[in-house]
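So the structure is just underneath, and the comments pick up after that.
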Amino acid sequence: MHGADTDGRIVAAACTIAIDDLPDGLIVADRYGCVLAVNRAASRLTGVAMERAVGRHMNDVFPFRDHDGRDWWKALDPEGGLRTRSRAPERPLHLPGGQELYVAARLVREPERAGEVERVTITLRDGGARARLERSRADLVSTVAHELRSPLTSVKGFTATLLAKWTRFTDEQKRVMLETVNNDADRVTRLITELLDVSRIESGRLEVRRQVVDLPARARRLLAGRVAAGEAEDRFRLIVGDDLPEMWLDQDKVDQILGNLVENALRHGRGTVTIEIESVGWGVAVSVRDEGEGIEPELAPRVFRQFWRGGNSRRRGGTGLGLFIVKGLVEAHGGTITVQRAPEGGAEFRFTVPTGTPDFASV
Numbered sequence: 001m002h003g004a005d006t007d008g009r010i011v012a013a014a015c016t017i018a019i020d021d022l023p024d025g026l027i028v029a030d031r032y033g034c035v036l037a038v039n040r041a042a043s044r045l046t047g048v049a050m051e052r053a054v055g056r057h058m059n060d061v062f063p064f065r066d067h068d069g070r071d072w073w074k075a076l077d078p079e080g081g082l083r084t085r086s087r088a089p090e091r092p093l094h095l096p097g098g099q100e101l102y103v104a105a106r107l108v109r110e111p112e113r114a115g116e117v118e119r120v121t122i123t124l125r126d127g128g129a130r131a132r133l134e135r136s137r138a139d140l141v142s143t144v145a146h147e148l149r150s151p152l153t154s155v156k157g158f159t160a161t162l163l164a165k166w167t168r169f170t171d172e173q174k175r176v177m178l179e180t181v182n183n184d185a186d187r188v189t190r191l192i193t194e195l196l197d198v199s200r201i202e203s204g205r206l207e208v209r210r211q212v213v214d215l216p217a218r219a220r221r222l223l224a225g226r227v228a229a230g231e232a233e234d235r236f237r238l239i240v241g242d243d244l245p246e247m248w249l250d251q252d253k254v255d256q257i258l259g260n261l262v263e264n265a266l267r268h269g270r271g272t273v274t275i276e277i278e279s280v281g282w283g284v285a286v287s288v289r290d291e292g293e294g295i296e297p298e299l300a301p302r303v304f305r306q307f308w309r310g311g312n313s314r315r316r317g318g319t320g321l322g323l324f325i326v327k328g329l330v331e332a333h334g335g336t337i338t339v340q341r342a343p344e345g346g347a348e349f350r351f352t353v354p355t356g357t358p359d360f361a362s363v
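Residue 150 in full-length UniProt numbering sits at position 150 of the sequence shown, with consecutive numbering throughout.
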């Protein structure tokens, strides 16, 4: 008997650990509404400790109500309804404290007892997190619409004008109009690429195609392109450390990381933009510094969020997705990225990526 009690306690402890590992809140009740189990996430979301809930009725500890104030457990009615009913779809409910939770339920039935409900499993999700996600998606739609409207209006206007009055313009005027159309088309393409990157990062579908990459060479190529586009050559400085290890990275994504960080330094900073590449204990660190206003320490946690565009975001333009994408690309390589005040007083973005030869290349 003693052994059986011990085994029972072990099984109960294992079950508690298992449900506590779940990311969503979980409440288990019998068909009469008596609470049998509550996991840690549910206690956090509702503010009701497991010890206070187990053994009590649902309406005493978790009195969920819909937007019209109706009793959710009473409407669920596990003892009534059709014997084929097995679930209650997720819906927003409120507790007396006012917090909103998304609640769904599954009715677990016993085939041996004519399909009577044995227990009810209830899942909880944070309504605030869902609302923030929906606001984020609405912001994304608004940002995309705003960013697309301007170049598409320009493309439409210039092409319509050229088609209607082609013979009235000189070759130089036509060239200027077509260059504008070409630049605006590139702007739309960049925006679509950013949106695809955001989607892949958020869904975890970002693929990294590794090959040997010469980081200093990629940085020199980037800076040469900036100079060719009209930036002053003395605006940039490249510092390369000694004995850099071999780096297996995704070359296109490295170019994108460096390009976004330099673009951010040019847009928000002033003075010299410095790229420093050095070997560190577990990989290679790349710092991009400017001599601008810098970033206040309290703002640092927001920098890598979607739509962050600094203080004068309207004047400086941009979608506010660049640094969010940079963080996702760095982390996809197994690296980290931070931001701090640079020695010259501006902002310093520093990312570190690990060394090591991938398995497919070591065979």
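Heads up, the beta-carbon is just placed ideally off N, CA and C, and yes, glycines get one too. These numbers were taken from a predicted model, which means no experiment stands behind them.
Of 306, 355, 331 and 353, the smallest CA-CA separation from residue 138 is found for 306. Around the beta carbon of residue 296, fewer than 16 other beta carbons lie within 10 angstroms, which makes this residue exposed.
Taking a contact as a CB-CB distance under 8 Å, the pair residue 92 and residue 100 counts as one, their CB atoms being some 5 Å apart.
Closest in alpha carbon position to residue 105, among 111, 112, 125 and 96, is 125. Taking each of 84, 227, 40 and 324 in turn and checking the Cα distance to residue 202, the smallest one comes out for 324.
Comparing alpha-carbon positions, the option among 76, 27, 142 and 47 lying closest to residue 98 turns out to be 47. Residue 94 holds the alpha-carbon nearest to the alpha-carbon of residue 128 among 279, 94 and 171. Fewer than three beta-carbon pairs drawn from the region 326 to 340 and the region 219 to 227 are found closer than 8 Å, and the two stretches are therefore not classed as touching. Under the three-state reduction of DSSP, residue 25 is assigned to strand.
Rounded to the nearest angstrom, the gap between the Cα atoms of residue 193 and residue 183 is 15 Å. The continuous stretches of alpha helix (DSSP H) do not include residue 283, which lies in the beta strand (DSSP E) extending over residues 283 to 289.
Between the region 143 to 158 and the region 68 to 83, the count of Cβ pairs shorter than 8 Å is below three; the stretches do not touch.
Residue range 215 to 228 is occupied by the alpha helix (DSSP H) that includes residue 226. Sequence-distant partners of residue 291 (beyond 5 residues in either direction) whose C-beta falls short of 7 Å from its own C-beta, in its chain, are 269, 270, 271, 272, 344, 345 and 346. By alpha-carbon distance to residue 119, the top candidate from 357, 262, 26 and 350 is 26.
Where residue 350 is concerned, the enclosing beta strand (DSSP E) starts and stops at 347 to 354. Here residue 223 is buried, its C-beta having at least 16 other C-beta atoms within 10 Å. In this structure residue 300 is in contact with residue 339, their Cβ atoms being roughly 5 Å apart against a cut-off of 8 Å. No residue range can be given for residue 71, since it is assigned to no alpha helix (DSSP H) and is classified by DSSP as neither H nor E.
The region 273 to 289 and the region 229 to 240 touch, with three or more beta-carbon pairs separated by less than 8 Å.
Secondary structure at residue 340: strand, using DSSP grouped into helix, strand and coil.
Within the DSSP secondary-structure output, residue 92 pairs in a beta bridge with 102. Counting the other Cβ atoms within 10 Å of the Cβ of residue 199 gives fewer than 16, which makes it exposed.
Cβ contact annotation for residue 76 (same chain, cutoff 8 Å, sequence separation greater than five): 88, 105 and 120, in chain order. In the DSSP assignment, residue 37 is bridged to 28. The C-alpha of residue 264 is placed about 57 Å away from the C-alpha of residue 30. For residue 126, the uninterrupted beta strand (DSSP E) run begins and ends at 116 to 126, by DSSP. The Cβ neighbour count for residue 248, taken over all protein chains shown within 10 Å, is at least 16; the residue is labelled buried. Counting only the Cα atoms, residue 228 lies some 22 Å from residue 188. Residue state for residue 57 is assigned as strand, using DSSP reduced to three classes.
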